[in-house]
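Asker: With the UniProt record's numbering, letter number 11 in the sequence shown gets 11, and the count goes up by one each step, no holes. Glycine included, C-beta positions come from ideal geometry on N, C-alpha and C. Pasting a structure below so you can have a look.
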Amino acid sequence: MQSNKVVLNNEDGLHARAAALFVREANRFSCDINLEAHGDKVNGKSIIGIMSLGAFNGEEVVIYAEGPDEEEAVARLTHIIEKDFVNI
């Protein structure tokens, strides 16, 4: 299992557009992906799950991945968050 902590720096946090971008990218990987915030962990391939986290600007989230392409998935999803969901 791979994981990485990352801080949301985009103004609106995991709002609908950002969640949709995250889910679209997560679904490109075959591994299981989860996202955690505030002690709640949800399926990283579910837009409803991610939006239910209510994660906002400045908050820390943890990306977890387990499966054959877990390292690539965590690296790519971390990159998307670090780039504030822009120019990905």
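Alpha carbon to alpha carbon, how far is residue 63 from residue 30? Give it in angstroms, no decimals.
Answerer: As a working note, residue 30 is residue 30 in the sequence shown. As a working note, residue 63 is residue 63 in the sequence shown. For residue 30 and residue 63, the distance between alpha carbons rounds to 15 Å.
Asker: Spatial neighbours of residue 40 within its chain, please: C-beta separation below 7 Å, excluding the five flanking residues on both sides.
Answerer: Translated into the one-based positions of the sequence shown, residue 40 becomes position 40. Cβ neighbours of residue 40 beyond the five flanking positions: 53.
Asker: Going along the chain, which residues of its own chain have a beta-carbon closer than 7 Å to the beta-carbon of residue 80, five neighbours each way excluded?
Answerer: If you number the sequence shown from 1, residue 80 lands on position 80. So the list reads 21, 22, 25, 88, once near-sequence residues are dropped.
Asker: Can you tell me the Cα-Cα spacing of residue 67 and residue 5, whole angstroms?
Answerer: The residue labelled residue 67 in the question sits at position 67 within the sequence shown. The residue labelled residue 5 in the question sits at position 5 within the sequence shown. Going by the C-alpha atoms only, they are around 19 Å apart.
Asker: Just checking my contact of residue 36 with residue 74 at CB under 8 Å: how many whole Å lie between their CB atoms?
Answerer: For the purposes of this step, residue 36 is taken as the residue at position 36 of the sequence shown. For the purposes of this step, residue 74 is taken as the residue at position 74 of the sequence shown. That pair is no contact at about 13 Å.
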